[in-house]
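Trainee: Numbered according to the UniProt record's numbering, the sequence shown spans residues 1 to 67.
Glycine is no exception: its CB is placed at the ideal position from the N, C-alpha and C atoms.
Predicted, not measured: the structure shown is a model, and the values here were computed from it.
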Amino acid sequence: MFIEEVSICNLFAYYGKVSVAFRQISDKNLYCLYGNNGFGKTSFIRCAKLLFLGTGLNETLMIVCYH
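1) What are the start and end residues of the beta strand (DSSP E) that includes C9?
2) Which residue marks the beginning of the alpha helix (DSSP H) containing S26, and which one marks its end?
3) Looking at I8 and V18, is the spacing between their C-beta atoms short of 8 angstroms?
4) So, with DSSP's three-state summary, where would you put C47?
5) For A13 versus G54, is the C-beta spacing smaller than 8 angstroms?
6) Would you mind sorting F52 into buried or exposed? The rule is 16 or more other CB atoms within 10 Å of its CB.
7) Any idea which residues DSSP pairs Y14 with across the strands?
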């Protein structure tokens, strides 16, 4: 499977609609995400995690011990 384009709208550091197009290089399933600091690489990964894993990404279980 090859992902041709991803569109993100108003999520994390993205404001408005942002589209990212990917190029296929030969028959490899390799994606490279690079850019300067502050250009949204981590936000893109967080969006992908949200897409594939759902909303429970940052849920933590608090355990309180009273000893």
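Mentor: Let me lay it out:
1) Looking at the DSSP string, the run of the beta strand (DSSP E) that includes C9 is 5 to 11.
2) Element bounds for S26: n/a, residue is neither H nor E.
3) Their beta carbons are under 8 angstroms apart, which means V18 touches I8 by this criterion.
4) The three-state secondary structure of C47, taken from DSSP, is helix.
5) The Cβ-Cβ distance between A13 and G54 does not fall below 8 angstroms.
6) Looking at its Cβ environment, which holds fewer than 16 other Cβ atoms inside 10 Å, F52 is exposed.
7) For Y14, the beta-bridge partners assigned by DSSP are L11.
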